[in-house]
Amino acid sequence: MKEDVGFRGNDYTFAGSIFTAGYVIGQLPSALVLSSNRVPARIWFPFCMLMWGICTLALAFVKTPHQVWGLRFTMAIFEASTFSGTHYILGSWYKDCELGARTAVFATAAQVGTLFSGVMQGAIIQTLEGKAGLSGWQWLFVIDFLITVPIAAYGLLMFPDTPHTVKAFWLSEDERKLCIDRLPPREHVQMTWAVLRKSGRKIISSWQWYLFSLLFTLSATSFEKTGVYSEFLFFLKSTGTYTKAQINYYPSIFTTVAIVSTYGLTVMSDRTGNRFIVNPIMFTSVFISCVILLVWDVSVGAKWFAYIIAGFGYAGQASNFAWANSMCREDDVLRAITLASMNMFSNIWNIWYAIVCWPIVDAPRFRNGQIATLVTGAVSVGIACAIVYCSRRFPPKMPSGEDDAMDWEGAPAGDSSHDLPADDKEVKASTAVLQA
């Protein structure tokens, strides 16, 4: 692709930067669309996916770097709807005690994809190079588009929107009613300028927006260091003892640890009702990793352990978003904007953070990056403690006036229903709904 398109100098790097810019710009508008209750999610997600697919197809036929930049910027705007938007939809459907496992499945899906994408890309390039007059890299984009279209069509037909707007043909009227009745009472209003102004004031005056945005901004760029900055890959290359195939496949061990630990820790936070504890666990694993790599003069096995144990740092993609979902249930716009801001600010932060703390010239040791990780990681745990304090000092209130939001340990604040048998919980929940 480099030769066919004519990339020179920093052209490829600029393509990555402009993608980040589009991704950041698209976050808040998409959040407002989803929380407006005017554009159904079953329309918005497939539309964004289809537009993303069209841009991907167009990339197969670019001739100049400027065309690549324009398409990458545009497709990033549409891609911005997916990550935080899906977390928003999950938070609309599930109770707090159910949310962690579902967000973990979603968050780990991307990691699972990386296990197979490299093999698939290699097979496509090797088998389709020159077919129909297209290069292997062009076939990658064409096949990507062909995969995207049926997924978008599936979403349009099957996606259930939110409990209050669900029109899925595969749910009966009683099932649609149950979707609402099983959840804590909440307001459901369509977006107007008055509603937007009211929610805007609530966002600015809320502690949730500030603290959760800061929490994920620091934790994502510190705890996810091994994956984000490819330090394991640089280490494998620097040794000169591994084959090209081994360099490509060995990082999948780290990815597997990230998948298992993300799901395990987030499900644990569901069972124990404690979202907070995931953050110090992540910090502990990354602390061990950083210390070993700062010492550096250790065995190869110790370095492998340092890189692989850092996979625990990915759990925040699920647990901290589930935590934010729970703490922002009082207002859909606050919830959507907070989730989008977590993703948006982490990307903005990483624009300069990667350049200053993780420059390629420092590979494979990345001494400054390890020190920065220890600092930002420790600060992020302190922010998690601040969220615990605020959730108890200023607990979120549901529209009904009942305190149904989860406290830092996951149980409804001021309520002891988590100590009741399962059947009693359902009776209590049903009674609360009827009284509302």
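Residue numbers (our numbering): 319 to 754.
Ideal Cβ placement from N, Cα and C applies to all residues, glycine included.
Selection P481, A333 and R589 evaluated against T382 yields A333 as nearest (Cα-Cα).
Going by DSSP, C366 is part of the alpha helix (DSSP H) stretching over A359 to L377. L346 carries a helical assignment under DSSP once its states are collapsed to helix, strand and coil. Under the DSSP assignment, E447 falls outside any alpha helix (DSSP H); it carries neither an H nor an E label.
DSSP places C646 in the coil class of the three-state scheme, outside both helix and strand.
By the criterion of a C-beta distance shorter than 7 Å, L583 is surrounded in its chain by V596, I599, A633 and S637, once the five residues flanking it on both sides are discounted. At a cut-off of 4 residues, the continuous stretches assigned as alpha helix (DSSP H) that sit fully inside the region 380 to 419 are 383 to 397 and 401 to 411.
Taking a contact as a CB-CB distance under 8 Å, the pair K555 and I565 counts as one, their CB atoms being some 6 Å apart. Of all alpha-carbon atoms in V651, M660 and I627, the one lying nearest the alpha-carbon of W641 is that of M660. Collapsing the DSSP output to three states places K320 in a helix. In chain order, I610 place their CB closer than 7 Å to the CB of V616, counting only its own chain and leaving out the 5 sequence neighbours on each side. Residue nearest to S579 within the set A628, L551, L536 and A624 is A628 (criterion: CA-CA distance).
The DSSP-derived three-state label of E542 is coil. One alpha carbon belongs to E397, the other to F325, and they sit about 24 Å apart.
When the five nearest sequence neighbours on each side are left out, the beta carbons in the same chain lying within less than 6 Å of the beta carbon of S354 are those of M509, in order along the chain. If you look at P714, you'll find it isn't in any alpha helix (DSSP H); DSSP assigns it neither H nor E. Straight-line measurement puts the Cα of K320 at about 47 Å from the Cα of I705. Rounded to whole angstroms, the gap between the alpha carbons of F534 and R711 is 21 Å. Between V323 and L375, the C-beta gap is not smaller than 8 Å, which leaves the two residues out of contact. Y560 and P364 have their alpha carbons spaced roughly 42 Å apart.
With fewer than 16 other Cβ atoms from the protein chains shown falling within 10 Å of its own Cβ, H384 counts as exposed.
With fewer than three CB-CB distances shorter than 8 Å, the region 336 to 351 does not count as touching the region 431 to 439. Distances from the alpha-carbon of P569 to those of E549, S453 and R515 put E549 closest. Between A654 and Y412, the C-beta gap is not smaller than 8 Å, which leaves the two residues out of contact.
Judged by DSSP in its simplified three-state form, Q508 adopts coil rather than helix or strand. Note that the region 470 to 477 touches the region 359 to 373; at least 3 beta-carbon pairs, one per stretch, sit closer than 8 Å. Within the same chain, Cβ atoms closer than 6 Å to the Cβ of S402 are found at L657, A658 and N661, the five residues on either side in sequence being excluded.
Bounds of any alpha helix (DSSP H) do not take in S354, whose DSSP letter is neither H nor E.
Looking at the backbone, the Cα of A339 and that of S664 are separated by about 12 Å. Counting of Cβ neighbours within 10 angstroms places A702 among the buried residues, the total reaching 16 or more.
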